[in-house]
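Read through the structure below, which is laid out as structure tokens, and then see the notes.
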Amino acid sequence: MVAVALAFGTACRGEKSAAAVPTTESAATAKPGAAVVAVEGAVAKRGSVWRPERAFLGVIAPSGADTSKLQALAEATAEREGLTVASQLDATRATITLKVKTPADVGWVREHAQYYGDFVPPADHDRIGRATWALWLGGQMPGQRTLVAARVGAVAIAVANACNGWILDTNKHQLFTPAALAEHLPSAGEVDVRKTIVVHQVSGGAGLTFLDTAGMNRFGFPELHVAFVPRTRVNSVTNLLNATAQTLIERGDLMRDGEIDVDLSKLTGDWELAELVKVGGTGRITWQARWGRGDAEPDEKLESDELVLELSVKGAQPGTAEALVAAATGFFGAEPDEVIYPDYADELDAAAAVARGKLAALRPHFAGGVPLKEQLAIKAAFASDDGAVEFMWVDAIVFKGEMIDGTLDNDPKRVLTLRMGQRVKVKFADVADFIHTRADGTKVGGYSLEVMRAHGEDVPPL
374 MVAVALAFGT ACRGEKSAAA VPTTESAATA KPGAAVVAVE GAVAKRGSVW
424 RPERAFLGVI APSGADTSKL QALAEATAER EGLTVASQLD ATRATITLKV
474 KTPADVGWVR EHAQYYGDFV PPADHDRIGR ATWALWLGGQ MPGQRTLVAA
524 RVGAVAIAVA NACNGWILDT NKHQLFTPAA LAEHLPSAGE VDVRKTIVVH
574 QVSGGAGLTF LDTAGMNRFG FPELHVAFVP RTRVNSVTNL LNATAQTLIE
624 RGDLMRDGEI DVDLSKLTGD WELAELVKVG GTGRITWQAR WGRGDAEPDE
674 KLESDELVLE LSVKGAQPGT AEALVAAATG FFGAEPDEVI YPDYADELDA
724 AAAVARGKLA ALRPHFAGGV PLKEQLAIKA AFASDDGAVE FMWVDAIVFK
774 GEMIDGTLDN DPKRVLTLRM GQRVKVKFAD VADFIHTRAD GTKVGGYSLE
824 VMRAHGEDVP PL
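Position in the sequence shown (first residue = 1) + 373 = my numbering.
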């Protein structure tokens with residue numbers, strides 16, 4: 374019997390201090406307004422990625438605030454920041470619009486508060502819900518990159534500080550206190566995307582998830598979108614998207630028509646490349662880039678500057694993840710899967726029976742699919758090419774009836790017809806173990822791992 378430990382890719386972690394953005398040839402010579410027009414479904418061309426460099430924030434004031442003074446403060450602060458108050462944004466000069474609205478008008482939805490980040494105490498949500506006044510701020514600066522977000526942010530912070538209010542960043546769909554927003558704004562000429570944009574995980578097609586960025590438009594770039602991402606690869610692909618966003622901002626354009634080369638060694642700031650190299654990672658990937666709709670509704674009409682860059686790797690097929698998993702593994706590296714040949718099969722069989730019983734009890738929980746912020750890893754038996762059995766882990770997507778559909782999360786050693794990331798189906802009777810990762814990060818399962826540890830095997834904890 375062969376057992377293979379669950380393998381996860383190494384990822385860059387943490388928010389680093391902002392790094393200066395170098396003036397590259399492409400960034401210095403490309404001209405906003407002279408861009409090639411983006412066309413849905415077409416290969417993205419050099420010169421087509423320029424977008425209006427805009428920032429949008431909504432300041433929500435608590436009930437009883439002196440709104441007239443807040444408006445006057447906003448205008449005075451905007452003037453100090455070099456922004457001209459105007460009725461509409463102007464692509465040729467630094468302008469800001471200030472419009473009085475309701476909290477709902479600037480994007481506040483009480484039922485969505487859990488998705489706005491954890492920068493505002495939950496206790497404040499009820500106070501925000503009672504608020505009736507908000508100030509909508511929209512800013513635009515031609516060819517300035519990071520300055521528009523910093524300057525519009527300074528206006529929003531001044532107003533929110535004056536009334537003990539809150540700031541809804543509609544570029545990123547996050548809610549901030551004034552102090553928290555100050556920590557997530559770029560400085561003039563500096564940007565670290567790990568602090569200034571966010572990557573969202575959304576339920577996608579074929580049972581897999583997709584990831585997209587929010588906040589790139591304030592730097593004059595389209596949002597990025599990657600489809601068909603297995604749950605176990607969300608963290609690593611998130612870091613890939615961060616590195617890709619940083620690359621675009623530093624380079625200023627695509628490297629070639631339809632391609633983006635990401636190379637951590639060429640980025641400013643600490644991207645932990647040395648740690649990746651230790652486990653065989655290269656820190657390099659080449660994306661293929663097309664213009665697409667992202668998660669927009671099929672009947673939703675989009676302007677060319679609302680299209681997103683849909684990224685894929687060479688050889689990727691819709692609904693599959695093999696090519697993406699292989700590219701991510703090459704980028705980050707990984708400790709090789711350890712193949713174990715145990716001589717305690719009876720104990721593992723007993724653990725498998727316990728696992729199937731526990732998993733059967735969880736069947737109703739997964740009836741509608743694996744919840745977005747959860748993972749279900751299944752260890753199952755696969756017949757090898759030489760007549761033996763290889764036990765491997767599967768990132769479960771659908772658990773229906775007696776079948777479990779998912780993507781293979783191990784690198785097969787004896788089943789030569791399968792590849793890591795490939796879509797596979799597992800019979801419930803073939804399940805040997807499972808690990809259920811809940812939304813709060815706690816885990817249950819791993820019964821075979823307990824047996825293996827008891828026999829001195831070096832297997833990872835839950």
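We treat Cβ as the ideally placed atom computed from N, Cα and C, and that holds for glycine.
Apart from the five residues on each side of it in sequence, which residues of its chain come closer than 8 Å, Cβ to Cβ, to residue i?
i: residue 793; result: 695, 698, 699, 702, 781, 782, 783, 784 and 785
i: residue 556; result: 568
i: residue 775; result: 800, 801 and 802
i: residue 727; result: 820
i: residue 534; result: 551
Could you check which residue in the options has the C-alpha nearest to that of residue i?
i: residue 803; options: 732, 501, 616 and 755; result: 755
i: residue 461; options: 743, 815 and 469; result: 469
i: residue 678; options: 589, 744, 775 and 651; result: 589
i: residue 502; options: 812, 550, 529 and 476; result: 476
i: residue 552; options: 528, 618 and 659; result: 528
i: residue 841; options: 759, 765, 746 and 740; result: Outside the displayed range of the chain (374 to 835) lies residue 841, so it cannot be described from this structure.
i: residue 743; options: 817, 610, 581 and 835; result: 581
i: residue 681; options: 716, 773, 587 and 606; result: 587
i: residue 531; options: 719, 563, 425 and 445; result: 445
i: residue 661; options: 416, 412 and 411; result: 416
i: residue 481; options: 433, 826 and 494; result: 433
i: residue 651; options: 671, 667, 707 and 538; result: 707
i: residue 614; options: 465, 759 and 683; result: 683
i: residue 455; options: 563, 705 and 523; result: 523
i: residue 665; options: 640, 631 and 787; result: 631
i: residue 621; options: 509, 686 and 565; result: 565
i: residue 825; options: 438, 617 and 717; result: 717
Exposed or buried, which one is residue i when buried takes at least 16 other CB atoms within 10 Å?
i: residue 457; result: exposed
i: residue 635; result: buried
i: residue 828; result: exposed
i: residue 484; result: exposed
i: residue 690; result: exposed
i: residue 473; result: exposed
i: residue 709; result: exposed
i: residue 725; result: buried
i: residue 674; result: exposed
i: residue 398; result: Note that residue 398 scores a pLDDT of 32, beneath 50, so its modelled location is shaky and nothing firm can be said.
i: residue 424; result: buried
i: residue 740; result: exposed
Going straight from the alpha carbon of residue i to that of residue j, what length do you get?
i: residue 757; j: residue 414; result: 41 Å
i: residue 479; j: residue 597; result: 24 Å
i: residue 541; j: residue 430; result: 6 Å
i: residue 584; j: residue 719; result: 42 Å
i: residue 611; j: residue 721; result: 35 Å
i: residue 653; j: residue 815; result: 30 Å
i: residue 420; j: residue 410; result: 8 Å
i: residue 418; j: residue 619; result: 19 Å
i: residue 442; j: residue 448; result: 10 Å
Under DSSP, the beta strand (DSSP E) around residue i begins and ends at which residues?
i: residue 836; result: A question about residue 836 goes unanswered here, because the residues of the chain that appear run from 374 up to 835.
i: residue 576; result: 571–576
i: residue 807; result: 804–810
i: residue 769; result: 762–773
i: residue 681; result: 681–685
Please return the same chain residues whose Cβ sits closer than 6 Å to the Cβ of residue i, not counting the five positions on each side in sequence.
i: residue 498; result: 486
i: residue 440; result: 506
i: residue 489; result: 547 and 548
i: residue 748; result: 604 and 810
Closer than 7 Å: is that where the CB of residue i sits relative to any heavy atom of the ligand COA?
i: residue 779; result: Here there are no bound small molecules, and the ligand COA is not part of this structure.
Output needed for residue i: all residues of its chain with C-beta closer than 7 Å, excluding positions within five of it in sequence on either side, in chain order.
i: residue 436; result: 503, 504 and 505
i: residue 830; result: 713
i: residue 734; result: none
i: residue 638; result: 646 and 656
i: residue 467; result: 455, 456, 457 and 514
Hey, could you find the ends of the alpha helix (DSSP H) residue i is sitting in?
i: residue 701; result: 695–705
i: residue 619; result: 607–624
i: residue 444; result: 440–453
i: residue 557; result: Here residue 557 belongs to no alpha helix (DSSP H), and DSSP marks it neither H nor E.
Less than 8 Å between CB atoms is the rule here; does residue i satisfy it with respect to chain D?
i: residue 575; result: Of the protein chains in this structure there is only one, and it is not chain D.
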